[in-house]
Amino acid sequence: MSEIPTLKRTLTLRDLIVYGLLFIGPLAPVGVFGVLDGRSGGAVALVYLIATIAMGLTAYSYATMSTEIPKAGSVFSYATAGLGKTAGFFAGWLVLLDYLLIPSVAYLFTGIATNALVPEIPIWLATGVAILLTTTVNLLGVRLAAVVGFIVLVVEIVLLAVFVVAALAVLISEGAQRPWLSPFTGVSGFDLTAVVGAVSVAVLSYLGFDAIASFAEENVGPSRIVGRATLFCLVLAGGLFVLQTYLGALLTPVDPSGPDGQVFYEMLRSSIGPWLAVMITTVKAIGPAFSAMVAQAAVGRLIYSMARESRLPRQLASIDSRTKTPWTAILVSAVLTLVIAVWAAGRDDGLDILVSIVDVGALAAFTLLHLSVIGYFRGRYKVFAHLVVPTVGAAVMIAVLALSSTTALIVGAIWLAIGIVVNVAGSRARVS
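Using our numbering, read the sequence shown as starting at 162 and increasing by one per residue.
This is how it looks when you write it as structure tokens:
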């Protein structure tokens, strides 16, 4: 059996953090702000604080396993080590669904926004061009992708800083629309059930931080750097989410008008000025394509790792001799994403369908991640890190998964069934 080429170590701690933040998106709460504000009774900042703590448990388990098992397969490698090859395959298979759907949604966002700005450009065409451009960047090497990602991320963070400064100026000069503590306590009293229900939606804003672990074999530092980057990315994103939703809530009327998805933008227009609303809208149109670029790079590493271990066809483990990228896996993921995104672009309800099912694979894989920590450290537990955190983390993921839409659960079951067929076929091929 020929030796499979390895990935090139070129990524620093900063690069890993950039990838994680770019995948999540510093402005992720903007689109769901109105939904969460309404569901939580105005306690939207508290919702994100709790969601940060909940997802922090998963980030902690990722950090624990990435230090022990610094491989590109991420949760596939961790579950294989902690629960066995079969569980590892299904963990990788489930997160693969997430890594295909998230970029599909992101590319579709870019296509829709481009069509809104230039109606002559069809959504499907803009979506396809975005996929082509970012795939090219990924194929040219992880260093170039990291540089491009850093530039985009800086623009997003600068724009967020402008919002924070402008919001504080308005609050100081004109006062708040709501009581100052209401983003944490609720406008008309605290409702635990409402807050918990909103948290189940808010955790979706964090999907993507786990992609950092996919680049473990391209990290130039010690293995613990990947874990540190994962935790730092999650905490920083959570802090930014709490800050922007707190300020946004104070500037939003108790009973905002307009669709839920437009509440944050309307707040910007009425409280600060149309100029900032236009700037953030533009960035939200461009940014998703580069979030998808990171997702595509991550899924390429996942497919490469599974193929290297013969859990998928070994032809998918090919590495380009010049750029040291898993080019075959990246191209396969690009084609699959293109099919999904362009199909959705041709339907009026395409975006709704993708958004409703995007989380199920990740939540199921996160559950297996937590269980893999318990399995891997069996007999040598550190009670908090290896038992308490993964147990509570798995319970949280199962609870959120139970709140997923019926459509998401059906799609997840179908994907799992396909995975069973693939796994059985692969097992027979390996035996023969």
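Positions of the beta carbon are idealized from the N, C-alpha and C atoms, including for glycine.
For clarity, every value in this text was computed on a predicted model and none was experimentally measured.
{"Check": "Runs of beta strand (DSSP E) wholly within the segment 289-340 (minimum 3 residues, chain order)", "Outcome": "none"}
{"Check": "Test item: CB-CB of Ala359 and Arg200 under 8 Å", "Outcome": "yes"}
{"Check": "Through-space distance from Val460 to Gly336, alpha-carbon basis", "Outcome": "46 Å"}
{"Check": "Identity of the residue in Leu342, Pro449, Gly302, Gly186 nearest Ile318 by Cα", "Outcome": "Gly186"}
{"Check": "Buried versus exposed, by CB contacts within 10 Å (16 or more), Ser452", "Outcome": "buried"}
{"Check": "Rounded distance between the beta-carbons of Gly369 and Ala446, thought under 8 Å", "Outcome": "The Cβ separation is near 18 Å, so there is no contact."}
{"Check": "Distance, Ala398 Cα to Val191 Cα", "Outcome": "13 Å"}
{"Check": "7 Å Cβ shell around Leu321 - same chain, five flanking residues per side excluded", "Outcome": "Pro187, Leu188, Leu401, Gln405"}
{"Check": "Distance CB(Leu463)-CB(Ala307) smaller than 8 Å", "Outcome": "no"}
{"Check": "Rounded separation between Ala574 and Gly522 - CA only", "Outcome": "10 Å"}
{"Check": "4-residue-minimum alpha helix (DSSP H) runs that sit fully inside the segment 390-455, ordered along the chain", "Outcome": "424-428"}
{"Check": "Three-way DSSP call (helix, strand, coil) for Leu172 in this model", "Outcome": "strand"}
{"Check": "Residues near Ile263 by beta carbon distance below 7 Å, same chain, minus five either side", "Outcome": "Leu368, Gly369, Ala456, Val519"}
{"Check": "Proximity to Ile480 [Cα-Cα], best of Leu473, Pro474, Trp488", "Outcome": "Trp488"}
{"Check": "Cut-off 6 Å between Cβ atoms - residues of its own chain near Val424, not counting five sequence neighbours on either side", "Outcome": "Phe194, Gly195, Pro417"}
{"Check": "Beta-carbon proximity check, Gly253 vs Arg472, cutoff 8 Å", "Outcome": "yes"}
{"Check": "Distance, Met467 Cα to Gly587 Cα", "Outcome": "12 Å"}
{"Check": "Run of the alpha helix (DSSP H) containing Gly195, from where it starts to where it stops", "Outcome": "194-200"}
{"Check": "Identity of the residue in Ala506, Val403, Gly448 nearest Val210 by Cα", "Outcome": "In the sequence as displayed, the identity of residue 210 is Leu instead of Val. Comparing Cα positions, the closest option is Val403."}
{"Check": "Spatial distance of Leu103 from Tyr239 (CA atoms)", "Outcome": "Here the chain has residues from 162 to 593 only, and residue 103 is not among them."}
{"Check": "Buried or exposed (CB count within 10 angstroms, at least 16 for buried), Glu281", "Outcome": "exposed"}
{"Check": "With 16 other Cβ atoms within 10 Å as the buried cut-off, status of Thr567", "Outcome": "exposed"}
{"Check": "At least three beta-carbon pairs within less than 8 Å, the segment 212-220 to the segment 426-435", "Outcome": "no"}
{"Check": "Residues that Asn380 bridges to, as DSSP identifies them", "Outcome": "Leu172"}
{"Check": "Inside the segment 200-263 only - alpha helix (DSSP H) runs reaching at least 4 residues", "Outcome": "205-229, 236-244"}
{"Check": "Cβ-based burial, Arg541 [other Cβ within 10 Å; buried from 16]", "Outcome": "exposed"}
{"Check": "Extent of the continuous alpha helix (DSSP H) run through Ser517", "Outcome": "511-518"}
{"Check": "Status (buried if at least 16 other CB within 10 Å, exposed otherwise) for Ser361", "Outcome": "buried"}
{"Check": "Helix, strand or coil at Asp371 according to DSSP, with G and I counted as helix", "Outcome": "helix"}
{"Check": "Simplified DSSP state of Val553, which is helix, strand or coil", "Outcome": "helix"}
{"Check": "Residues near Ala224 by beta carbon distance below 6 Å, same chain, minus five either side", "Outcome": "Gly388, Thr391, Leu392"}
{"Check": "Short Cβ contact (8 Å threshold) for Ala502 with Thr295", "Outcome": "no"}
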